[in-house]
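One structure below.
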Amino acid sequence: MGSNLLASMNDLGLGFLGYLIPFLFVLTIVVFFHELGHYLIAKANGIKVLTFSIGFGPEIVGFDDRSGTRWKLSAIPLGGYVKFFGDENAASVPDQDALSGLSEAEKRQTFPGQSVAARAAVVAAGPLANFLLAIVIFAGIFMLHGKQVTTPRIDSIQAGSAAEAAGFVTGDVVRAIDGRWIDSFSDMQRIVSGSAGQTLRVTIDRGGASLTLSVVPTLKEMKDNFGNVHRLGVLGITRSMSPGDVKTQTVGPLRAAWMGVEETWFIVERTLGYIGGIVVGRESADQLGGPIRIAQVSGQVATAGFVALLHLAAVLSVSIGLLNLFPVPLLDGGHLVFYAIEAVRGRPLSDRAQEVGFRIGFALVIMLMIFATFNDILHLATS
């Protein structure tokens, strides 16, 4: 009995580590490059950086570099920050009392002492670094593994499916969807999966003749290899797997870089499309996930290998970069809105107005985190 309990506890501990280690690996990479973007552009503008932290809270380990920046790893690994000279806290709120006592030379080393353009560049550099990281990872994967291309030829059609209702027949080759050229079956899947309930105009090659059909993908719940449920648009067709229709293409550096850009843009499009779907009621918000879901997916993906985990890091990097660009005070996008207003008015908003904006932004971010965590717990309870 005792040995069985001990074995169960060991299994639980190993299972927890199996989620925690991949989660920390993925999140640390994404957060590090986000903050590195802020850091590099700040240094380029002559801003003195006091702290570069991965995580929040008490310091676990760290060191000081020659310029006086404290690089550290902190106890709570859910983000990070860069603290500039003249900042009151990790959120880069200016310390007005400290700033008032600085000389003009010292003020030029602070973040508030920079021009609007310089401040905007520092803020935007974080999300842009996330996008660049994703592009580099995707490009590296394409160069390493090439690109598998399956001719978008229909091998079979399910009875009663959207494809059958639209008039597709076996042997049709999909050439374009809504004017977008289709190179492979996966290209078609990507468009269809995010278009449930929407009418798509599909151009096909049928025996050498070009035809255009209208089809509305059906929304269907599907499970992935880890048992996670996803709601996707489907046509009800299968691909041709004959030897002539499946091939792996070698990808060179320039093409890999462009494919990395396309992959990153695809994630941006899908994310914005999903959020727009929530707003108009077409999508359910229960697919929004937080740290628990990220940890779970990280552990699952890690079982597929290191490359799969890097791919997840790239996807997460795009998501975090995009999220930070939303025009919500407290996020990078909110700061950019304030700077845009300052550029138009010729002077910044009052301290009071900015404080109210940050409080509203903080409340919105907290509510989003609570909602996402609730979804995570519900997902675990029902899976």
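Using the UniProt record's numbering, read the sequence shown as starting at 1 and increasing by one per residue. By construction, the Cβ of each residue, glycine as well, lies at the ideal position given by its N, Cα and C atoms. Keep in mind the model is a prediction, meaning the values are calculated, not measured.
Helix, strand or coil for L310 per DSSP? helix
Measure the Cβ-Cβ separation of M222 and L232 and say whether it is below 9 Å. yes
Within this structure, are the beta carbons of A313 and I137 separated by less than 9 Å? yes
Under three-state DSSP, which class holds G113? coil
Alpha-carbon spacing of S67 relative to T51, whole angstroms: 11 Å
List in chain order: all unbroken alpha helix (DSSP H) runs of 4+ residues lying wholly within the segment 299-363. 306-324 and 332-345
Is it buried or exposed, H335, if we count other Cβ atoms within 10 angstroms and call 16 or more buried? buried
Assuming the contact rule is C-beta atoms closer than 8 Å, F84 and A42 should be a hit. Round their C-beta distance to whole Å, please. 6 Å
Residue(s) in a DSSP beta bridge with G62: K72
Once you ignore the five residues that flank N45 on each side, which residues in its own chain have a CB closer than 8 Å to its CB? Q114, A118, A121 and V122
Once the 5 residues before and after Q148 are set aside, which same chain residues still bring their CB inside 6 Å of it? T248
Indicate the three-state DSSP secondary structure (helix, strand or coil) for P77 in the structure shown. strand
F371 - DSSP class collapsed to helix/strand/coil: helix
Helix, strand or coil for F168, going by three-state DSSP, please let me know. coil
Contact set for A363: own chain, Cβ-Cβ below 8 Å, skip 5 residues either direction: none
So what does DSSP say about I366, is it helix, strand or coil? helix
Pick out whichever of P112, L213, T264 and A129 has its Cα sitting closest to the Cα of L40. A129
Nonlocal neighbours in the same chain, by C-beta distance under 8 Å from G126, ignoring five residues either side: H34, E35, G37, H38, G321, N324 and D332
Buried or exposed by the 16-neighbour rule on C-beta atoms within 10 Å, applied to T218: buried
If you draw a straight line from the C-alpha of V251 to the C-alpha of L133, how long is it? 19 Å
The segment 257-272 in contact with the segment 201-219 per 3-pair CB rule at 8 Å: no
Could you give the DSSP three-state label for G244: helix, strand or coil? helix
Here's a check: name, in chain order, each residue in its chain whose Cβ is nearer than 8 Å to the Cβ of P327, leaving out the five neighbours to either side. G333, G334, L336 and V337
With distances taken Cα to Cα, identify the nearest neighbour of W258 among I135, I275 and F185. I135
From V216 to A162, what does the alpha carbon distance come to, in whole angstroms? 6 Å
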